[in-house]
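Asks: I'd like to ask you about the structure that follows.
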Amino acid sequence: MTENIVVTSGKGGVGKTTTSASLAVGLAKRGKKVAVIDFDVGLRNLDLIMGCERRVVYDFVNVIHNECTLKQALIKDKRHENLYVLAASQTRDKDALTQDGVQRVLEELAADDFDYVVCDSPAGIEKGAFLAMYFADRAIVVVNPEVSSVRDSDRILGLLASKTRRAENGGGKVQEHLLLTRYNPARVASGDMLSIADVEEILGIKVVGVIPESEGVLAASNSGVPVILDETSTAGQAYDDAVARLLGDERALRFTDVQKKGFFQRVFGS
Amino acid sequence: MGIFDFLRKGPQGTASTAKNRLIILVQEERDRSGRGMPDYLPLLRRELLEVIRKFVNVDADAVDVKTHKDGDHDVLELSIALPDKPVAAAGRA
């Protein structure tokens, strides 16, 4: 049984692609057969974050337009043999995706015994974002503790409840998960940033993970290695926890409190 | 917090302002989009529209279906806007 997971947010720049990459790797690390698809036609970036940008020959749009087979377009990950990337087209526009085409690709992946298909949604609520979420069984809504991101997430939660195949055909609700990223515990403690509890209260949904703001995320994208593989970074560890929770493990939140400061920092401030 | 922090910051952070603004905004936007309403409402609305169209030609947005709370119970509110001059629908003498 293949599960389609959409990673979405409404707002751009909150960490959808970073999350898609780490989620896909985290699932693959646990032995699952995973495909991760970039729906951001015209502005592809998942290939860069996954570190396979030089190996893109065919893309998602080529498959949809029958210009190649799905097998030809799937890029096998270098580190995990059960992980595949389907890049977005860089030269076409978002109308190159069709609902029938997306459905056909997802059905083909299901027939090929994939356990999970991670759909990396573009920002906004237009065609690409709509198609990324339409066939979802689960949704990861990525949100930053910031007003515009929280508002857009609520809009996306509304769309998930109405504009998806499950909503239309009554196949049960899309399972929604909230992932809070770029969380800065020090700023929360000083009252300058919305807390986990604030965001949960506003949106009425619990977080499945909290990714702290971390230098590791930029370092990971610089080097094309998903941050979940950087076991020294707090963000990488937090992503690993989040993937474990998605698979049903109970794990306490980490890196959500201010770290204890040394004597000089306490006296003179940071 | 260092002993000099009071020089840098006002007494209260801005997160509570953000939270209060968002709670109001999100609630308003949810009400407007009809979220949290029973699942059958869109279908009910469509079928009502079909029935009404057997008798009167009305626009697709002529039927408005809402629920709201009145004390302990939910109230289903139907509002149907009829055209100025009633026109019999085709196929019905």
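Chains Y and G, in that order, are what the protein sequence lines are. Per this note's numbering, the very first residue in the first sequence carries number 1204; after that it's consecutive. Per this note's numbering, the very first residue in the second sequence carries number -17; after that it's consecutive. The beta carbon of each residue, even a glycine, is placed where N, CA and C say it ideally should be. Because the structure is a prediction, the values reported are computed rather than measured.
1) Tell me whether Y/R1369 sits in a helix, a strand or coil according to DSSP, three-state version.
2) Distance cutoff 8 Å, beta carbons only. Does Y/L1397 sit that close to anything in chain G?
3) Would you mind reading off the limits of the alpha helix (DSSP H) that contains G/R14?
4) DSSP three-state label for Y/A1441, please.
5) Is it buried or exposed, G/N2, if we count other Cβ atoms within 10 angstroms and call 16 or more buried?
6) Give a single yes or no on whether G/V38 has its beta carbon closer than 7 Å to a heavy atom of the ligand PLP.
7) Measuring only the C-alpha atoms, how far is Y/H1268 from Y/L1450?
8) If we define contact as Cβ-Cβ less than 8 Å, is G/I5 a contact residue for chain Y?
9) Run down chain Y in chain order and give the residues with a C-beta less than 7 Å from the C-beta of G/T49.
10) Could you work out which residues of chain Y lie near G/V8, taking near to mean beta carbons separated by less than 8 Å?
11) Kindly indicate which three-state DSSP category Y/Q1462 falls into: helix, strand or coil?
12) Taking C-alpha atoms, which residue in Y/G1361, Y/A1392, Y/G1407 lies nearest to G/S15?
13) Please classify Y/E1416: is it buried, with 16 or more other beta-carbons within 10 angstroms of its beta-carbon, or exposed?
14) In the structure shown, what three-state DSSP assignment does Y/T1222 receive?
15) For G/E11 and chain Y, any beta-carbon pair shorter than 8 Å?
16) Should Y/D1323 and Y/I1240 be called a contact, given that it needs their Cβ atoms to be closer than 8 Å?
17) Does the distance from the CB of G/L4 to the CB of Y/V1350 come in under 8 Å?
18) Taking the Cβ atom as the reference point for each residue, do Y/D1433 and Y/G1412 lie within a distance shorter than 8 Å?
19) Compute the Euclidean distance between the alpha carbons of G/V45 and G/D66, then round it to the nearest angstrom.
20) When the distance is taken between beta carbons, is Y/I1343 closer than 8 Å to Y/I1208?
21) Relative to the alpha-carbon of Y/S1223, which residue among Y/V1308, Y/D1243, Y/K1376, Y/M1204 has its alpha-carbon at the smallest distance?
22) Please report whether the beta-carbon of G/S(-2) lies at a distance below 8 Å from any beta-carbon of chain Y.
23) The alpha helix (DSSP H) that contains G/S61, what's its start and end?
24) What is the DSSP secondary structure of G/G(-8), counted as helix, strand or coil?
25) Buried or exposed: where does G/A75 fall if 16 or more other Cβ atoms within 10 Å of its Cβ makes it buried?
26) Run the CB neighbour count on G/D52, radius 10 Å, all protein chains shown included, and call it buried at 16 or more, exposed below.
27) Below 8 Å, can you find three or more Cβ-Cβ pairs linking the region 1252 to 1267 of chain Y to the region 1208 to 1219 of chain Y?
28) Quick one: what does DSSP say Y/A1364 is sitting in, helix, strand or coil?
29) Helix, strand or coil: which one does DSSP assign to Y/R1258?
30) When the distance is taken between beta carbons, is Y/L1382 closer than 8 Å to Y/V1345?
31) Counting only runs of 4+ residues fully inside the region 1381 to 1410 of chain Y, write out the alpha helix (DSSP H) ranges in chain order.
32) Skipping 5 residues on each side, what residues in its chain have a beta carbon closer than 6 Å to that of G/T(-1)?
33) Can you tell me where the beta strand (DSSP E) holding Y/A1342 begins and where it ends?
34) Residue range of the alpha helix (DSSP H) that G/V38 falls in?
35) Measuring CA to CA, which of Y/R1368, Y/D1280, Y/R1295 is closest to Y/I1252?
Replies: The structure says:
1) helix
2) yes
3) -3 to 15
4) helix
5) exposed
6) Summarising the ligand content, the structure contains no ligands, and the ligand PLP is consequently not present.
7) 34 Å
8) yes
9) Within chain Y, no residue comes near G/T49; the closest Cβ sits about 16 Å away, beyond 7 Å.
10) V1353, R1354, D1357, I1405, L1406
11) coil
12) Y/G1361
13) buried
14) helix
15) yes
16) yes
17) yes
18) no
19) 15 Å
20) yes
21) Y/D1243
22) yes
23) Segment 55 to 62 is the beta strand (DSSP E) holding G/S61; no alpha helix (DSSP H) there.
24) Residue placement at G/G(-8) is flagged as unreliable, the pLDDT there being 48, under the threshold of 50; a coordinate-derived value is accordingly withheld.
25) At G/A75, the pLDDT of 45 sits below 50, so the modelled position is not reliable and the matter cannot be decided from this model.
26) exposed
27) no
28) coil
29) helix
30) yes
31) 1388 to 1392, 1399 to 1406
32) none
33) 1341 to 1346
34) Premise fails: G/V38 is in no alpha helix (DSSP H) and is neither H nor E.
35) Y/D1280
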